[in-house]
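Colleague: Here it is: the structure, laid out below.
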Amino acid sequence: MELHPCACGATEAPAQHAVRAEGAALRSVWSGGCARCGKPRSFEFVLLDGDGPSEIIGAAEFLRISDAAARRVPAGAGRSPQAARDLRRAVACLREVLKFFAAGAPVIEGVSVSRERLQARLAAYEELLAGA
Ligand SMILES: [Zn+2]
311 MELHPCACGA TEAPAQHAVR AEGAALRSVW SGGCARCGKP RSFEFVLLDG DGPSEIIGAA
371 EFLRISDAAA RRVPAGAGRS PQAARDLRRA VACLREVLKF FAAGAPVIEG VSVSRERLQA
431 RLAAYEELLA GA
């Protein structure tokens, strides 16, 4: 949603967010009124679609979304449904970032964190999620 602002320029995601699994794909769906102008908005994109990296959203953007979602999770967390949703989002986006490394890129534009650190971060999120 941050990548697709409303016609009024607002970039806040609508209130409703759901991640749906469809076979091997993970679909991220937002819907609801625009926080600023109230215009109904709905947007969805495929987060995980097979093994290759996303061709729609760059690795740096996925990392930014993942970090933003993870920051919303309160410390000691994974307790509320919202925290679990944010964690799932952080995990899904981080997996996307790692796909770029898996595709053979030694260095990824806009990503200054090493693959090892990203994998450690992913493991930490998954652990939190498992305890949610
Ligand atoms: Zn708007």
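So the number in my numbering is just where the residue sits in the sequence shown, counting from 1, plus 310.
By construction, the Cβ of each residue, glycine as well, lies at the ideal position given by its N, Cα and C atoms.
As the structure is a computational prediction, the values presented were derived from the model and not from experiment.
Roughly how many angstroms separate the alpha carbons of R427 and V401, rounded to a whole number?
Modeller: 14 Å
Colleague: State the beta-bridge partners of R351 as determined by DSSP.
Modeller: G342
Colleague: Measure the C-alpha to C-alpha separation of P391 and E419 and round it to an integer number of angstroms.
Modeller: 34 Å
Colleague: Within this structure, are the beta carbons of L397 and L439 separated by less than 7 Å?
Modeller: yes
Colleague: Give a single yes or no on whether I403 has its beta carbon closer than 6 Å to a heavy atom of ligand 1.
Modeller: Sequence check: residue 403 is Cys here, not Ile. No, Cβ of C403 sits at least 6 Å from all heavy atoms of ligand 1.
Colleague: Could you check what DSSP says for V401 in three-state terms: helix, strand or coil?
Modeller: Here V401 sits in helix by DSSP.
Colleague: In terms of DSSP beta bridges, what is V329 paired with?
Modeller: DSSP, once it has assigned bridges, lists S338 as partnering V329.
Colleague: By Cβ distance, which residues of its chain are closer than 6 Å to I375, with the 5 residues on each side in sequence left out?
Modeller: Taking C-beta separations shorter than 6 Å and ignoring five residues to either side along the sequence, the partners of I375 in its chain run C403, following chain order.
Colleague: Please report the straight-line C-alpha distance between P350 and A412, rounded to a whole angstrom.
Modeller: So the two alpha carbons sit approximately 38 Å from each other.
Colleague: Mark A328 as exposed unless 16 or more other C-beta atoms lie within 10 angstroms of its C-beta, in which case mark it buried.
Modeller: That one is exposed.
Colleague: Look at the alpha carbon of V383 and the alpha carbon of G342, and state the distance between them as a whole number of angstroms.
Modeller: 22 Å
Colleague: Give me the residue from A379, S338, C347, W340 with the minimum Cα distance to A320.
Modeller: The shortest Cα separation from A320 among A379, S338, C347, W340 belongs to C347.
Colleague: Confirm, please, whether the CB-CB distance from A370 to V423 is below 7 Å.
Modeller: no
Colleague: Write down the C-beta distance between E354 and W340 rounded to the nearest angstrom, noting that I regard them as a contact closer than 8 Å.
Modeller: 7 Å
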